[in-house]
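If you count the sequence shown from 1, you need to add 193 to reach my numbering.
Everything below concerns the one structure shown next.
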Amino acid sequence: MGTGFPGILNADNQYVRTFISLSRKPGKTITGYIKGKRKPFFNPVSYAILSITLYLLLELYIGSELGSPEMNNSPIKEVYDTGYKLGKLIKSNLKFFWLFFILCLGISNRMFFHRFNLFEHLAGSSYVVGHATLIGIIGLILLKLPIVFNPLIYFVIVILLYFSFRNNNFDPLRLLFSILSTGLAFLLFILLPFFFLYLI
Numbered sequence: 194m195g196t197g198f199p200g201i202l203n204a205d206n207q208y209v210r211t212f213i214s215l216s217r218k219p220g221k222t223i224t225g226y227i228k229g230k231r232k233p234f235f236n237p238v239s240y241a242i243l244s245i246t247l248y249l250l251l252e253l254y255i256g257s258e259l260g261s262p263e264m265n266n267s268p269i270k271e272v273y274d275t276g277y278k279l280g281k282l283i284k285s286n287l288k289f290f291w292l293f294f295i296l297c298l299g300i301s302n303r304m305f306f307h308r309f310n311l312f313e314h315l316a317g318s319s320y321v322v323g324h325a326t327l328i329g330i331i332g333l334i335l336l337k338l339p340i341v342f343n344p345l346i347y348f349v350i351v352i353l354l355y356f357s358f359r360n361n362n363f364d365p366l367r368l369l370f371s372i373l374s375t376g377l378a379f380l381l382f383i384l385l386p387f388f389f390l391y392l393i
C-alpha cells in the first residue's frame, strides 16, 4: 500500500489515481478493472479497507454522536436489547462489519444489474463502498455521525451505481434500481446479523 500516508497522498500513487478516476468516470473505472485493466488502479478490496480505515481514524479523532431512545417498560424491549447487543458488537468490529456491507451491496447489485457475475459485482462494490466512505468524511465532519448512519455515504453509493450502470442519456430506471439496490443492501446489512444474533 505504498510507504505510509506520504506515499498515499503522492499524486503518482495508485490510491490517488483510483480516487480521481472513480470521481470522474466510475463506470469506466470499475468496468475497466473487471475486464482486466488492473495496473493503473488500486486493488478494490485494499481501496475499501484503506478508505474505511481513514474514516474510522478521523471518527476516532473528532468523535461521533448518535442518540439512543429510552426503551424502559417498552413491549419491544427484548428486540431493543438484541439490537443494543448487535450495536455494541458492530461498534467493536466496525471495520469488518462495514466490509460486510460490500458483500450485501454485491448481492443486491447482482439482483438489479445483470451485467456482471457476483464476484465481479463484489469487486465493483468494493470500489463503490470505499469511494463513498472516503467522500462520506465530509458528512462525518459536518454531522458527526458514525459510518453506518452517515446519509452522505448512501447518497454517494446511489450516485456511483447510477453512473456505473446507466446508458449515455438520463436513465430513470437505472436510477430507481440504484436506489433500490442500495436500500436492499442496507436491509441485508442490518437484518442478517440481527436475526443471527437473535437466534443465538
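We put the CB at the ideal spot given by N, CA and C, even for glycine.
Note that the structure is a prediction, hence the values are computed from the model and not measured.
If distances are taken between C-alpha atoms only, which option among the options comes closest to residue i?
| i | options | result |
| --- | --- | --- |
| Ser244 | Arg359, Ile295 and Lys232 | Ile295 |
| Thr224 | Leu377, Asn362, Ile330 and Leu353 | Leu353 |
| Thr375 | Phe306, Asn343 and Ser301 | Ser301 |
| Leu249 | Leu380, Phe370 and Phe289 | Phe289 |
| Ile346 | Lys218, Gln207 and Val321 | Val321 |
| Lys228 | Asn361, Leu366, Leu377 and Phe312 | Phe312 |
| Gln207 | Lys230, Asn236, Arg217 and Lys218 | Asn236 |
| Ile242 | Pro365, Leu366 and Trp291 | Trp291 |
Tell me which same chain residues have a C-beta within less than 7 Å of the C-beta of residue i, skipping the five on either side of it?
| i | result |
| --- | --- |
| Phe382 | Phe293, Phe294 and Cys297 |
| Ala378 | Phe294, Cys297, Leu298 and Ser301 |
If you drop the 5 nearest sequence neighbours on each side, which residues of the same chain put their C-beta closer than 8 Å to that of residue i?
| i | result |
| --- | --- |
| Gly256 | Lys337 |
| Asn343 | Gly329, Gly332, Leu333 and Leu336 |
| Asn360 | Arg367 |
Closer than 6 Å by C-beta to residue i: which residues in its own chain qualify, once you throw out the five before and the five after it? Chain order, please.
| i | result |
| --- | --- |
| Val349 | Ala325 and Ile328 |
| Leu368 | Tyr355 |
| Arg217 | none |
Does the distance from the C-beta atom of residue i to that of residue j stay below 8 Å?
| i | j | result |
| --- | --- | --- |
| Val209 | Ser319 | no |
| Phe234 | Thr222 | yes |
| Leu251 | Leu333 | yes |
| Gly323 | Tyr226 | no |
| Gly317 | Phe309 | yes |
| Phe358 | Gly220 | yes |
| Ile372 | Val351 | yes |
Can you tell me whether residue i is buried or exposed, with buried defined as 16 or more other CB within 10 angstroms of its CB?
| i | result |
| --- | --- |
| Ile331 | exposed |
| His307 | exposed |
| Pro339 | buried |
| Ile213 | exposed |
| Phe363 | exposed |
| Pro262 | A caution first: Pro262 carries a pLDDT of 49, below 50, which makes its placement in the model unreliable, though a value can still be read off. Exposed, since its Cβ has fewer than 16 Cβ neighbours within 10 Å. |
| Leu215 | buried |
| Arg303 | buried |
| Leu384 | exposed |
How about residue i: is its C-beta nearer than 8 Å to some C-beta of chain C?
| i | result |
| --- | --- |
| Leu247 | Protein chain content of the structure displayed is limited to a single chain, and chain C is not contained in it. |
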